[in-house]
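Undergrad: Pasting a structure here, questions to come.
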Amino acid sequence: MAYKDFRDFLKKLEDEGQLLNINDEVMPEPDLGSAARAISNLGDKTPALLFNNINGYHNARIAMNIIGSWPNHALMMGLPKNTPLKDQFFEFAKRYGQFPVPVQREETAPFQEVEITENINLFDILPLFRLNQSDGGFYIDKAVVVSRDAEDPDHFGKQNVGIYRLQVKGKDRLGIQPVPQHDIAIHLRQAEERGENLKVAIALGNEPVITTVAATPLLYDQSEYEMAGAIQGEPYKIVKAKDADLDLPWGAEVVLEGEIIAGEREFEGPFGEFTGHYSGGRSMPIIKINRVCHRKDPIFEHLYLGMPWTEIDYMMGINTCVPLYQQLKDAFPNEIVAVNAMYTHGLLAIVSTKSRYGGFAKAVGMRALTTPHGLGYCKMVIVVDEDVDPFNLPQVMWALSTKMHAKHDAVIIPDLSVLPLDPGSEPAGITHKMILDATTPTAPETRGHYSQPLDSPLETEKWEKILKDMLNK
1 MAYKDFRDFL
11 KKLEDEGQLL
21 NINDEVMPEP
31 DLGSAARAIS
41 NLGDKTPALL
51 FNNINGYHNA
61 RIAMNIIGSW
71 PNHALMMGLP
81 KNTPLKDQFF
91 EFAKRYGQFP
101 VPVQREETAP
111 FQEVEITENI
121 NLFDILPLFR
131 LNQSDGGFYI
141 DKAVVVSRDA
151 EDPDHFGKQN
161 VGIYRLQVKG
171 KDRLGIQPVP
181 QHDIAIHLRQ
191 AEERGENLKV
201 AIALGNEPVI
211 TTVAATPLLY
221 DQSEYEMAGA
231 IQGEPYKIVK
241 AKDADLDLPW
251 GAEVVLEGEI
261 IAGEREFEGP
271 FGEFTGHYSG
281 GRSMPIIKIN
291 RVCHRKDPIF
301 EHLYLGMPWT
311 EIDYMMGINT
321 CVPLYQQLKD
331 AFPNEIVAVN
341 AMYTHGLLAI
351 VSTKSRYGGF
361 AKAVGMRALT
371 TPHGLGYCKM
381 VIVVDEDVDP
391 FNLPQVMWAL
401 STKMHAKHDA
411 VIIPDLSVLP
421 LDPGSEPAGI
431 THKMILDATT
441 PTAPETRGHY
451 SQPLDSPLET
461 EKWEKILKDM
471 LNK
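Per my numbering, the very first residue in the sequence shown carries number 1; after that it's consecutive.
Structure below.
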């Protein structure tokens with residue numbers, strides 16, 4: 001199912017009726033951001049957008065909303081576009097379990113067609129625009145950033161491939177926000193403690209599997225490239241960078257190579273974030289770009305962020321659920337049924353579990369808070385019974401409204417870590433967290449009146465199949 005490169009996936013989207021070509025001339029601002037916001041407003045089955053005529057740019061093409069719907073997410077995984085959400089979750093979890101799949105190394109890549117090492121001017125090379133009207137500048141927000149562990153550089157798994165917002169600060173300078181909970185922050189700390197710059201490479205316009213995996217909360221020593229191979233079902237193709245010992249996605253459209261300057265900081269932001277709020281401005285590190293490589297006619301990709309749901313929520317939905325699911329399964333292999341952490345990158349998580357004894361569900365919630373992703377996210381964890389589908393919000397609301405007792409089942413833990421982008425944190429990066437136990441009380445808890453649950457009529461499953469077959473004719 002592997003896609004050769006970004007263009008290969010665009011062709012698949014077009015063949016499946018999930019790509020809308022826009023050939024009329026558009027303005028970079030406000031048209032591009034407005035169109036991406038608008039397509040997200042139209043439902044969860046919308047197509048990707050490819051803008052082919054952008055005022056002020058010669059032959060520039062910009063793709064947006066690439067994984068911005070459940071059909072497109074299914075196609076990313078090589079599944080039929082009508083694959084139900086829960087089926088996508090369990091298929092992703094199955095492939096996640098095939099990790100690691102060794103990479104396929106290549107000597108050359110298509111993005112090496114054009115190379116620039118002198119007089120670099122990102123304003124000439126990249127079609128730049130603001131996504132939201134109060135952004136503090138131009139951002140690159142869907143590129144994968146590659147860096148390496150300075151203390152264990154030969155450990156392939158400790159090479160990080162992540163997505164971080166990048167503000168264009170000058171002709172050859174970018175600002176980057178390395179959130180403390182993310183791996184690149186560890187790499188930067190290691191380099192700065194040695195008084196060294198941190199070498200980085202930035203790949204834009206990638207096929208969607210590596211973009212999805214780069215946004216997945218893997219363990220520190222898990223390779224994103226080896227996980228991409230597991231998700232796509234065959235080895236992922238990489239090629240070496242020119243200026244550093246870094247591995248790059250073979251199918252990228254554009255690559256920027258450079259280094260984060262040790263000890264140097266500049267004001268960065270504000271930027272409209274996935275939380276639905278502007279993040280404000282903070283002092284952040286600076287990347288000096290030393291080399292640019294790109295295809296002769298590159299297709300640029302951007303990601304709209306704003307009030308959910310937008311593309312980032314589809315891109316980071318299932319791939320946030322599955323690591324939490326697997327880590328909870330490691331702790332409770334016979335109890336955990338499913339995890340829904342699709343909301344605001346897992347600031348809220350819903351866990352379906354069997355209960356072994358009274359208080360067990362609360363312990364599950366506590367473990368969710370202390371998973372690698374939960375430490376920086378998981379501000380609220382809702383725990384429901386094994387027969388409640390965490391992806392079915394009416395069922396979850398039913399469990400909350402009938403099973404949760406405010407006196408016994410709301411657990412608040414004060415002053416825990418959260419990513420600084422959470423607008424509710426005070427100070428930034430610190431928040432109270434909450435567990436809501438919406439499971440049926442189990443002995444020795446004996447409160448409530450739950451001895452007579454309502455069963456479905458006897459032939460319900462049979463009739464579901466009959467009616468489904470009739471509807472699909």
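For each residue, glycine too, the CB sits at the ideal point set by N, CA and C.
Given Pro178, which residues of its chain have a CB within under 6 Å of its CB, disregarding the five upstream and five downstream residues?
TA: Counting only Cβ-Cβ distances below 6 Å, and skipping sequence neighbours, we find Ile184, Ala185, Leu188.
Undergrad: In whole angstroms, what is the alpha-carbon distance linking Pro28 and Leu218?
TA: Cα-Cα distance, rounded: 35 Å.
Undergrad: Along the alpha helix (DSSP H) that carries Ile39, what are the first and last residues, could you check?
TA: Looking at the DSSP string, the run of the alpha helix (DSSP H) that includes Ile39 is 33-41.
Undergrad: Kindly provide the ranges of any beta strand (DSSP E) runs that are 3 or more residues long and lie completely inside the region 340-375, ordered along the chain.
TA: Complete beta strand (DSSP E) runs here, min 3: 348-353.
Undergrad: Using alpha carbons as the reference points, say which of Ala215, Trp250, Ile210, Ala244 lies closest to Leu231.
TA: Contrary to the premise, residue 231 reads as Ile rather than Leu in this sequence. Measuring from the Cα of Ile231, the nearest candidate turns out to be Ile210.
Undergrad: If you compare alpha carbons, which of His373, Ser223, Pro308 is closest to Gln98?
TA: That would be Ser223, whose Cα lies nearest to the Cα of Gln98.
Undergrad: Give, in chain order, every unbroken run of the beta strand (DSSP E) that is at least 3 residues long and sits entirely within the region 385-417.
TA: Taking only runs of at least 3 residues, the beta strand (DSSP E) segments lying wholly in the region 385-417 are 410-417.
Undergrad: Quick check: the Cα distance between Val292 and Gly258, rounded to an integer number of angstroms?
TA: So the alpha carbons of these two residues sit roughly 9 Å apart.
Undergrad: Can you find at least 3 beta carbon pairs, one from the region 305-316 and one from the region 361-379, that sit closer than 8 Å?
TA: Verdict: no, contact absent.
Undergrad: Skipping 5 residues on each side, what residues in its chain have a beta carbon closer than 6 Å to that of His73?
TA: Here the set comprises Ile67, Tyr314.
Undergrad: With DSSP collapsed to three states, give me the class of Gly229.
TA: In this structure, Gly229 counts as helix in the three-state DSSP scheme.
Undergrad: Between Thr440 and Tyr450, what straight-line distance do the alpha-carbon atoms span, to the nearest angstrom?
TA: Between Thr440 and Tyr450, the C-alpha separation is close to 7 Å.
Undergrad: Enumerate in chain order the residues of its own chain whose CB-to-CB distance from Val239 is below 6 Å, with the five nearest sequence positions on each side excluded.
TA: Closer than 6 Å at the Cβ level, and outside the excluded window around Val239, lie Glu106, Ala109, Leu248, Trp250.
Undergrad: Are Leu79 and Leu50 close, meaning C-beta to C-beta below 8 Å?
TA: Not a contact, by the Cβ cut-off of 8 Å.
Undergrad: Pick out the complete beta strand (DSSP E) segments inside the region 181-264, 3 residues or longer, and give them in chain order.
TA: Correct list: 198-204, 237-240, 247-249.
Undergrad: Please look up how many angstroms separate the CB atoms of Pro494 and Gln18, rounded, as I've assumed it's under 8 Å.
TA: Residue 494 lies beyond the range of the chain shown here (1 to 473); nothing can be said about it.
Undergrad: May I ask which residues mark the beginning and end of the beta strand (DSSP E) holding Met316?
TA: From DSSP, Met316 is part of no beta strand (DSSP E); its letter is neither H nor E.
Undergrad: In the DSSP assignment, find the alpha helix (DSSP H) that holds Pro71 and state where it starts and stops.
TA: Where Pro71 is concerned, the enclosing alpha helix (DSSP H) stretches over 70-76.
Undergrad: Closest by CA to Leu454, which one among Asn53, Ala203, Pro420, Asp387?
TA: That would be Asp387, whose Cα lies nearest to the Cα of Leu454.
Undergrad: Using beta-carbon positions only, say whether Leu131 and Phe300 come within less than 8 Å of one another.
TA: Cβ atoms of Leu131 and Phe300: not closer than 8 Å.
Undergrad: If we ignore side chains and look at the alpha-carbon of each, how far apart do Glu445 and Pro100 end up?
TA: Taking the straight line from one Cα to the other gives about 43 Å.
Undergrad: Under 8 Å between the Cβ atoms of Asn340 and Ala349?
TA: Yes. Within cutoff.
Undergrad: Quick one: what does DSSP say Thr431 is sitting in, helix, strand or coil?
TA: Correct three-state label for Thr431: strand.
Undergrad: Taking the beta carbon of His302 as the centre, do at least 16 other beta carbons fall within 10 Å, making it buried, or is it exposed?
TA: Buried: at least 16 other Cβ atoms inside 10 Å.
Undergrad: Going by the beta-carbon positions, is the gap between Ser147 and Leu198 smaller than 8 Å?
TA: Taking 8 Å as the Cβ cut-off, Ser147 and Leu198 qualify as a contacting pair.
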